[in-house]
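Comments concern the structure below.
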């Protein structure tokens, strides 16, 4: 399922699936609606991303977490260097194909679209990828599948760009053209006056920002992760740019009022807040729920993470 068009909704395990929540059950025939489609489709997804690979201990958990990050790397369109994508692809090849063998792995022995985002392939060219990946794949010789997966998780979860997060599309204003928004053709500035600019890093060190003068699509993305919330602006159909990062302890206000979403950092006045809009009240409620449970999970994991980091330091 393309979560860029159909956002992921996580089930609240304390609630039952009711008739009003999905479809009219009386119209169902063997679990299908009148159009012949399933009444309900469930997907297995990672709900809580962690701050460190050290928390991924179980083999099955590691495998599913790895595959989720693999998908995120291809689809999220976050800013990153070309080198980082090549490093991730090399680890993925080792994890999935084993040691590089010149007899078995000849010419284009892998599908480049399964290991690189489309915009990277367009920038460097498929031929360049095919020519250079064998050497990088060979560098990981003798690395086990589990070790390669764990290194992939570590690489994809660290640094400025981390792929362990959920992305949800928001609007920069109440009014928008749904068709143009889906086609990524709407290019208007953020609906924010100069007096409403967010606090800078100098004014409040708890918030990190990157401001850009170039026009963008008017689409913004809310990234929910273990560390907090990221705000991305969409540059084009493939890439996004970080506008702000809020860590959980530094969020002074986070609320949804019907379709309106507001967030500001600790110490920032009310006039300097981020204000965006969802497509429905129901989506707003779900995003608030996901923010709340993610924050709770992150706080619960902190003692364990501190213990694991201490053991890692002592081992080194």
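In this note's numbering, the protein residues as written are 12 to 327. From the three backbone atoms N, C-alpha and C, an ideal C-beta is built for every residue, glycine too.
Among the options, nearest to residue i - alpha-carbon criterion
i           : options               : result
residue 182 : 252, 268, 272 and 145 : 272
residue 160 : 240, 306, 102 and 308 : 102
residue 98  : 280, 236, 81 and 112  : 81
residue 350 : 77, 86, 43 and 59     : The requested residue 350 does not occur in the structure, where the chain is confined to residues 12 to 327.
residue 287 : 275, 280 and 311      : 275
residue 231 : 278, 43, 311 and 289  : 289
residue 119 : 144, 68, 238 and 178  : 144
residue 114 : 149, 162, 229 and 283 : 149
residue 171 : 293, 121, 305 and 253 : 253
residue 90  : 79, 52, 69 and 243    : 243
residue 247 : 94, 130, 44 and 92    : 130
residue 264 : 284, 255, 245 and 270 : 284
residue 304 : 45, 324, 239 and 95   : 239
residue 169 : 84, 70, 139 and 318   : 84
residue 312 : 184, 64 and 21        : 64
residue 343 : 58, 48 and 47         : Examination of residue 343 is not possible in this model, given that the chain is present from 12 through 327 alone.
residue 62  : 151, 309, 262 and 325 : 309
residue 164 : 325, 139, 152 and 95  : 95
residue 279 : 21, 261 and 121       : 261
residue 70  : 295, 297, 184 and 158 : 158
residue 139 : 104, 79, 235 and 93   : 93
Pair within 8 Å by beta-carbon distance, residue i and residue j
i           : j           : result
residue 56  : residue 19  : yes
residue 250 : residue 88  : yes
residue 66  : residue 322 : no
residue 156 : residue 100 : no
residue 123 : residue 135 : no
residue 299 : residue 257 : no
residue 154 : residue 241 : no
residue 43  : residue 51  : no
residue 293 : residue 269 : no
Per-residue burial, residue i [other beta carbons within 10 Å of its own, 16 or more giving buried]
i           : result
residue 133 : exposed
residue 54  : exposed
residue 112 : exposed
residue 137 : exposed
residue 205 : For residue 205, the pLDDT reaches just 29, beneath the cut-off of 50, and the residue's location in the model is therefore unreliable, although a value from the coordinates is still provided. So residue 205 counts as exposed.
residue 128 : buried
residue 45  : exposed
residue 245 : buried
residue 307 : exposed
residue 125 : exposed
residue 146 : exposed
residue 48  : exposed
residue 215 : Legend: pLDDT at residue 215 = 45, less than 50; position of this residue unreliable, value from coordinates given subsequently. Buried.
residue 189 : Residue placement at residue 189 is poorly supported in this model, since its pLDDT is 48, which falls under 50; the coordinates still yield a value, given next. Exposed, because fewer than 16 other Cβ atoms sit within 10 Å of the Cβ of residue 189.
residue 325 : exposed
Cβ of residue i within 8 Å of any chain D Cβ
i           : result
residue 292 : The chain labelled as chain D is not found in the depicted structure, where only one protein chain is given.
Integer-rounded CB distance, given that residue j should sit under 8 Å from residue i
i           : j           : result
residue 377 : residue 174 : With the chain running from 12 to 327 in the structure shown, residue 377 is simply not present.
residue 60  : residue 237 : 5 Å
Review point. Which ranges does the alpha helix (DSSP H) cover as unbroken runs of at least 4 residues, wholly within the segment 267-327, from first to last along the chain?
Key: 292-326
Review point. Whole beta strand (DSSP E) runs in the segment 56-134 with 3 or more residues, listed along the chain?
Key: none
Point to revise | Whole beta strand (DSSP E) elements within the segment 160-184, 3-residue minimum | key: 176-182
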